[in-house]
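In what follows, a structure is listed as structure tokens, so that the remarks can point back to it.
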Amino acid sequence: MFDMVSRRGFVSLSAAAAAGLGLAGCSGNKTSEPAGSDAGSAKASSKKVVELQVFAANSLEKALPEVQELYTDQTGTTFADTQFKASGDLVEQMRAGAAVDVLITASKGTMDDAEAAELVDADTREDMFVNDLVIIRAEGSDTKVEAIADVANLDGKIAIGDAKTVPAGKYANQALASVGLYTGTEGDDGEYAPEIADKVALADKVGTAAAYVSTGDCVAGFVYSSDIFRYDGIEEAFVCPEDSHKPIVYPGAVAESSEHADEAKAFIDFCLSNKKVQKIWAKYGFELSA
Amino acid sequence: MLNRFRMLVACALTFALCWVPGFAFAGNAEDGAQVAATAHGLSYGIEGFERLAKGTARDMEGQPEGYRFPVDEDVDLVAALAADRVVVWISPKAVEKYGLDPQDNESVSGLKALVCELDSANCMGGAQLGDVDLPWYVTAETTFDAGGYTYGFDERGADGDRYVVIASASGDAKGGARWLDSAQMVEASSVVLRDEQGPLASLASLLGGIDYRPFWVSIKTSGLALVIAFALGLFAAWKTMGTTSRVKGLLDSVFTIPMVLPPTVCGFLLLMLFGRSTGVGQWLIAHGISIVFTWPAAVISAVVVSFPLVYRTALGAFESLDTQMLDAARTLGWSERRIFAKLMMPLGWPSIAAGTVLAFARAMGEFGCTLFFAGNYAGITQTIPIAIYFEWMGGNTSVALFWVVVVIAFSFLVILFINMYTAHSQKYRKRGLSRAERKRIKDLAGQGDSLDPAGGDALRIDREALAELMRDDAALQGGR
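Protein chains in written order, with the numbering used here: chain W, 5 to 294; chain Z, 35 to 514.
Dropping the structure here:
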């Protein structure tokens, strides 16, 4: 008898738990709707306000919001909270089902992944920026780097993006491979040479590498030249020669799942044609790709 | 009471102390670089200084061809750094107005100093003109050849806008300007220098510039999560208690495992369950349950990690109750529900309350699972812990520090609350004891009920409390 009661209890418990979860999901969905319907009513009131969701490479974190502000001023198109993460993470997030209108990554490889997974519309893909790879040091530090190979002689850690998801890390490894400090030429297919292997601090995005150097946890780091302009406390120590790594190109594309594909395309075009925007990119060290 | 007040004051003072260096350095770090400068003995000054770190060679409608930098219409001064020299252009108008001689080093040395000062103020960490020891080539010609590059300082595009265009016979025009400074020259007297911000003003601008949504998101998320976790946790504990030991062992591990697992594992599993990458997730999305990277996902993450805390503490509290007492209630015909509501809850309340507070703190502090499952969307799923991480990562150390202070203050409040509550519940226990004593006296006087006074202290307290509850109940019913 007691056994039966308990079994019944167990069944009812699991049923209740399932119902509870469902409820949580539903109620959550409901509560999230007001935000959506707010946007909806806003849409209704001022003609048709479109909200774009942009996924952009982490290095664009300072420059892109200024561009978006300008775009909102000029066209009224607003932006949902833009995600600035390592390009690989962004593609994974899209794969998991995040809603996206525009994707801008920091390497051809990551955009190729997105294209292969049919996450972006290949016809809208366009190379947007080029960037340089630099070795940075903390502002005012006496770290001297005159060549890429010099990093092996530094006394302290070297911050490098994790090549699995961070394009900057991949370029850095290519640069290291050019002087024999990394075994793979692709940048994510080898090991660090023994003289630097225990000095490398891997970062989950290029901004983290910059932050490690600015806080003094690392004496040097490999980042984009544009990162110098968006972080305080770091400065350029050495610009890696262009032939030491593959060209650093930022492709942009409209997401396949976008419900505002035309507006998304218009935004990408705006990024590449407006003169004021051109100045913002230039200020933060992004060169519009030729 | 006085003691507690003293503690509060001490906390407040600590925060104030933490805070002061925080905004002092925020003031230095904030944007708003210096764009104007002048110096003693100069008849001119510089305004509207702009440093462009990169040009472009992209084909763009209305713009001239070649590697170019867009500049303002009225710039009088352009400085470009090539590999072996600094090329500076001063507009003929400025040369004439301020009596400068481009060929004479002495004559432009003051201008050089101003340009270097502004360049380093606007370099944002990049290399600085003042640090490079290269010869300066100053000119007033609008087209200038130097070091294999041809500089056009006043080129017009089809759009009528002004550009500085660099051409090179070798094709690598980029080398002609690693970066480009441009500015207007004005009368020294009309230069408006920006005042240095005081610490108070910069604190105000910091506080004014902070996005406070993470606070509301945190409160909202952990509040709702707590309500759900509380209900589910109590229910699970109540039901688990009655089951046989084997089933109970299984249930217990299922319910507790989110507490032991790293939150990222929970996040990963939830993402797999609801995301588009698995069959289950696709089925759910097809049936309208699309919650990945939305606010409900943040709530679910918080529920998952905080639920075990409510569950464990409630189960512990229920199990420490005297089963004889519960059986006694059953013999009196009480339903299980009534036993739960009238007996188990009140008696287990101190532990349950403590567990609830812990669960709330856990929900507030949730990071890994939320980041995985709900992402980092400002105003929607960006809770305080996530904001701290991303603000620091984004270089906004002062904002991250602000949230850290908020969290510490909030945690102190929670601890204070727990302490006060414990004190309160102990008072309740004391009162219970004295009542028990009173009753024992009554018992001695021959009016006792049939409860056996033997057993440990705790047992006796429980029984007294039980007796009282039953009596209260009887009185209530009698009163009706």
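Just so it is clear, CB atoms sit at the ideal spot from N, CA and C, and this is done for glycine as well. From a predicted model like this one, the values you see are computed outputs, not experimental measurements.
- request: With DSSP collapsed to three states, give me the class of Ala499 (chain Z).
  value: helix
message: Here's a check: name, in chain order, each residue in its chain whose Cβ is nearer than 7 Å to the Cβ of Leu318 (chain Z), leaving out the five neighbours to either side.
response: Phe308
Inter-stretch contact at 8 Å, needing at least 3 Cβ pairs: the segment 87–102 of chain Z / the segment 135–153 of chain Z: no
query: Any idea what DSSP makes of Asn135 (chain W), helix, strand or coil?
result: strand
- prompt: Can you tell which of Z:Ala117, Z:Cys157 and Z:Ala113 has the C-alpha that lies nearest to the C-alpha of Leu145 (chain Z)?
  reply: Z:Ala113
query: Is the shortest distance between the beta-carbon of Phe401 (chain Z) and the beta-carbons of chain W less than 8 Å?
result: no
field: Where Arg92 (chain Z) meets chain W, residues with beta-carbon distance less than 8 Å
entry: Leu276, Leu292, Ser293 and Ala294
- prompt: Which one of W:Glu260, W:Gln282 and W:Ala286 has the shortest CA to CA distance from Arg99 (chain W)?
  reply: W:Glu260
message: Under 8 Å, Cβ to Cβ, is there at least one residue of chain Z near Gln78 (chain W)?
response: no
Pairwise C-alpha distance: Ile420 (chain Z) and Lys203 (chain W): 28 Å
message: Can you confirm whether Met35 (chain Z), when its beta carbon is compared against all beta carbons of chain W, has any partner nearer than 8 Å?
response: Its pLDDT being 45, under 50, Met35 (chain Z) is placed unreliably by the model, and the measurement read from it follows with that caveat. No, because no Cβ of chain W sits closer than 8 Å to the Cβ of Met35 (chain Z).
Pairwise C-alpha distance: Pro380 (chain Z) and Arg372 (chain Z): 12 Å
Contacts that Phe233 (chain W) makes with chain Z (C-beta to C-beta distance below 9 Å): Ala87, Cys157, Met158, Gly159 and Gly160
message: Among the candidates Z:Leu111, Z:Gly160, Z:Glu189 and Z:Pro297, whose CA atom is the shortest distance from the CA of Gln97 (chain Z)?
response: Z:Glu189
task: With a threshold of 16 other CB atoms inside 10 Å of the CB of Ser287 (chain Z), please say whether the residue is buried or exposed.
output: exposed
field: N-terminal and C-terminal residue of the beta strand (DSSP E) that Pro255 (chain W) is part of
entry: Ile252 to Val258
task: Would you please verify whether the beta carbon of Tyr411 (chain Z) is less than 8 Å from any beta carbon of chain W?
output: yes
message: Beta-carbon within less than 8 Å of His249 (chain W)'s beta-carbon, same chain only, minus the 5 sequence neighbours each way: which residues are those?
response: Leu137, Tyr175, Ala176, Gln178, Ala179, Ser182 and Gly191
message: I want to see whether chain Z comes within less than 8 Å of Gly24 (chain W), judged by CB atoms only; does it?
response: Note that Gly24 (chain W) scores a pLDDT of 41, beneath 50, so its modelled location is shaky and nothing firm can be said.
- request: Round the Cβ separation of Lys209 (chain W) and Val170 (chain W) to the nearest angstrom and send it over; I've been treating them as touching at under 8 Å.
  value: 6 Å
- request: Pull up the DSSP beta-bridge partners for Thr82 (chain W), would you.
  value: W:Glu55
query: Below 8 Å between beta carbons: does that hold for Phe341 (chain Z) and Gly267 (chain Z)?
result: yes
message: What does DSSP give as the partner residue(s) for Gln358 (chain Z) in the beta ladder?
response: Per DSSP, none; premise fails for Gln358 (chain Z).
- prompt: Is Asp506 (chain Z) close to chain W, meaning its C-beta is less than 8 Å from at least one C-beta of that chain?
  reply: no
query: For Tyr254 (chain W), which residues in chain Z fall below 8 Å Cβ to Cβ?
result: Within 8 Å Cβ-Cβ: nothing; Tyr254 (chain W) doesn't reach chain Z, min ~13 Å.
- prompt: Candidates Z:Ala387, Z:Leu304 and Z:Ala412: which alpha carbon is nearest Phe83 (chain W)'s?
  reply: Z:Ala412
field: Start and end residues, beta strand (DSSP E) containing Ser202 (chain Z)
entry: Arg196 to Ser202
- prompt: What are the partner residues of Gln218 (chain Z), as DSSP defines its beta bridges?
  reply: Z:Glu81
query: Does at least one heavy atom of the ligand FMN sit under 7 Å from the Cβ of Ala110 (chain W)?
result: Here there are no bound small molecules, and the ligand FMN is not part of this structure.
- request: Using beta-carbon positions only, say whether Leu343 (chain Z) and Leu392 (chain Z) come within less than 8 Å of one another.
  value: yes
task: Please report how far the alpha carbon of Ile361 (chain W) lies from the alpha carbon of Ile452 (chain Z), in whole angstroms.
output: Because chain W in this structure spans residues 5 to 294, residue 361 (chain W) falls outside the shown range and cannot be described.
field: Beta carbon of Asp153 (chain Z) nearer than 8 Å to that of Ala128 (chain Z)
entry: no
query: CA-CA distance, Ile200 (chain Z) and Pro104 (chain Z)?
result: 12 Å
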